[in-house]
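Asks: The working numbering applies: residue 5 is where the sequence shown begins, and numbers increase by one.
Yeah, the Cβ is synthetic: ideal placement off N, Cα and C, and Gly gets one too.
None of the values given here were measured: they were computed from a predicted structure.
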Amino acid sequence: MKLRRGLLLCLGLLLLAACTSSAGPLVDDFSDPASGWGAASTESYVRGYDSGKYLIRIDVPHWFVWTMQDRTYKDVAVEVLARSEGTTDNHFGVICRYSDAGFYYFAISADGYYAIFRRLGDQPLEPLTGPAMLRSPVINRDGVTNRLLGVCEGSVLTFYVNGELIARAEDTQLTAGKVGIAAGTVEYGQTTLVWFDDFKASKP
Numbered sequence: 005m006k007l008r009r010g011l012l013l014c015l016g017l018l019l020l021a022a023c024t025s026s027a028g029p030l031v032d033d034f035s036d037p038a039s040g041w042g043a044a045s046t047e048s049y050v051r052g053y054d055s056g057k058y059l060i061r062i063d064v065p066h067w068f069v070w071t072m073q074d075r076t077y078k079d080v081a082v083e084v085l086a087r088s089e090g091t092t093d094n095h096f097g098v099i100c101r102y103s104d105a106g107f108y109y110f111a112i113s114a115d116g117y118y119a120i121f122r123r124l125g126d127q128p129l130e131p132l133t134g135p136a137m138l139r140s141p142v143i144n145r146d147g148v149t150n151r152l153l154g155v156c157e158g159s160v161l162t163f164y165v166n167g168e169l170i171a172r173a174e175d176t177q178l179t180a181g182k183v184g185i186a187a188g189t190v191e192y193g194q195t196t197l198v199w200f201d202d203f204k205a206s207k208p
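(1) Given this structure, state the Cα-to-Cα distance separating D79 from R145, to the nearest angstrom.
(2) In whole angstroms, give me the CA-to-CA distance for L18 and G181.
(3) May I have a chain-ordered list of the beta strand (DSSP E) segments no shorter than 3 residues that lie completely inside the stretch 63–138?
(4) DSSP beta-bridge partners for E157?
(5) Given a cut-off of 8 Å on the beta-carbon distance, is the pair S159 and T176 in contact?
(6) Within its chain, find whatever has a CB closer than 6 Å to the CB of E168; leave out the 5 residues flanking it on each side and keep chain order.
(7) Do A4 and R75 have their C-beta atoms closer together than 8 Å?
(8) For S206, report the span of its beta strand (DSSP E) as first-last.
(9) Whose C-beta lies closer than 7 Å to the C-beta of T71 among residues of the same chain, with five residues either side of it excluded?
(10) Rounded to the nearest angstrom, how far is the Cβ of L30 from that of E83, given a contact under 8 Å?
(11) Determine, using beta carbons only, whether F163 and L85 come nearer to each other than 8 Å.
(12) Please classify R123 as buried or exposed, where buried requires at least 16 neighbouring CB atoms within 10 angstroms.
(13) Which value, in whole angstroms, describes the spacing of the CA atoms of V69 and I62?
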């Protein structure tokens, strides 16, 4: 009986570890329209695969669009190449720990600003790096591609742009979730187009 209980306990621990472990590495160059990001089209926005990249186009102000991969990670580094056209009153970047509880969003704008945001439930985006987005000379402007890397490791969130560390924050609200990409417009933003390429999610 003790042996059976021991085996059941070990099995339970193994199942618990499997349920809480992170998914494996993910690499996607968006060349395959069936790679899991999906597509959508409304009067306000369009998102989908576009000539070997992933495009999010938003045609109205104060709008936010994202898409996720159906894999769950705890500690994860999320990286992508991103380039925008249209209004500079925008933001775009990568997401980690997405769930019904919320997510973390590492974002830049076309005019050179950045922030690490947290969103809890249906609440507005909340910057964790200051009262608003901050300016950085590291961010390429005028439609030039930027390499974005957001790292969620324990309670520490770090944001790199073009290989340079530009922001760090700490938060304990969200511990695991999906990874993805996102773009948005602000109050005065009109049409913005953001192309994403060479997405990677891996262990930090």
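Replies: A quick look at the data gives this:
(1) 30 Å
(2) Caution is warranted here: a pLDDT of 39 is assigned to L18, below 50, making its placement in the model unreliable, and no coordinate value can be reported.
(3) 68–77, 80–90, 94–103, 106–112 and 117–124
(4) V160
(5) yes
(6) V142
(7) Shown here, the chain extends from 5 to 208; a query on residue 4 therefore has no answer.
(8) T196 to S206
(9) W41, G42, R51, G184 and I185
(10) Not confirmed; about 10 Å, so no contact.
(11) no
(12) buried
(13) 8 Å
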